[in-house]
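Student:
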Amino acid sequence: MVRENGAWAVQRLGERWIREPARPGGSFVCSPAGLWLALAALAAGAREETADELRAVLGVAEGEAARAATAAARELAATDGVGVATRVWTRTPVHPECREALPGIRFGPMDPDAIDAWVREATGGLIERLPPAVDDDMLLVLVNVLALTARWEEARRPAREGRPGSLGG
Numbered sequence: 002m003v004r005e006n007g008a009w010a011v012q013r014l015g016e017r018w019i020r021e022p023a024r025p026g027g028s029f030v031c032s033p034a035g036l037w038l039a040l041a042a043l044a045a046g047a048r049e050e051t052a053d054e055l056r057a058v059l060g061v062a063e064g065e066a067a068r069a070a071t072a073a074a075r076e077l078a079a080t081d082g083v084g085v086a087t088r089v090w091t092r093t094p095v096h097p098e099c100r101e102a103l104p105g106i107r108f109g110p111m112d113p114d115a116i117d118a119w120v121r122e123a124t125g126g127l128i129e130r131l132p133p134a135v136d137d138d139m140l141l142v143l144v145n146v147l148a149l150t151a152r153w154e155e156a157r158r159p160a161r162e163g164r165p166g167s168l169g170g
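Residue numbers (the working numbering): 2 to 170.
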């Protein structure tokens with residue numbers, strides 16, 4: 002059953018991941034939303050053992066994953082200051098029912114130049130190209146972009162002690 006609030010499974014994944022690295026005296030930042038959306042898109046088309054493995058990680062698989070991913074992406078996209086986009090390029094056919102189950106994701110033929118152009122556009126130029134080079138051995142490339150456009154409430158000052166960017170710096 003997909004809950005009306007598509008973010009429930011993303012929150013569940015984040016809560017599981019945060020328990021381990023969040024230790025007293027440390028600092029930790031985690032946004033599982035982008036990874037969850039990408040894995041949920043894979044889970045939408047997964048079957049059998051792969052679907053079971055993804056369900057264990059994500060909390061959803063197959064049709065339920067497609068509906069939850071679509072709902073979560075729409076919810077994120079409606080949030081001020083957050084941009085979200087997912088796209089798939091492939092050398093092999095993707096079943097039509099998988100494509101139809103993911104209306105917010107575009108599918109296209111494998112084209113490294115088109116992938117890099119999409120990454121540049123989807124990130125507003127923050128990322129020039131996909132970090133791993135696309136090669137002939139790759140049958141499918143799934144890229145998810147989650148961009149936060151925010152300003153600090155107070156201007157950041159240079160660190161005087163501690164590590165820059167840490168809670169103490």
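Glycine included, every Cβ here is placed at the ideal spot set by N, Cα and C.
#1: Does the Cβ of leucine 127 have 16 or more other Cβ atoms within 10 Å, making it buried, or fewer, making it exposed?
#2: Which residues in the same chain as alanine 151 place their Cβ atom closer than 6 Å to its Cβ, once the five residues preceding and following it in sequence are excluded?
#3: When you compare the CB positions of leucine 59 and threonine 91, do they come within less than 8 Å of one another, or not?
#4: Compare the Cα-Cα distances from proline 33 to each of Ala74, Ala52, Ala47, Glu63 and report the closest residue.
#5: What residues match up with glycine 126 in a beta bridge as DSSP calls it?
#6: On the three-state DSSP scale, how would you describe arginine 107?
#7: Taking Cβ to Cβ, would you say alanine 42 is nearer than 8 Å to leucine 143?
#8: For glycine 84, report the span of its beta strand (DSSP E) as first-last.
#9: Straight-line CA distance for leucine 149 to glycine 84?
#10: Mind checking which residues open and close the beta strand (DSSP E) that includes valine 144?
#11: Thinking just about the alpha-carbon of each residue, which of Ala102, Asp138, Arg48, Glu154 is nearest to the one in aspartate 112?
#12: What's the C-alpha gap between aspartate 123 and valine 146?
Tutor: To lay it out plainly:
#1: exposed
#2: Gly82
#3: no
#4: Ala74
#5: Paired residue(s): none; glycine 126 is not in a bridge.
#6: strand
#7: yes
#8: 83-91
#9: 6 Å
#10: Per DSSP, valine 144 is one residue of the beta strand (DSSP E) stretching across 141-149.
#11: Asp138
#12: Residue 123 is actually alanine in this sequence, not aspartate. Distance between the alpha carbons of alanine 123 and valine 146: 7 Å.
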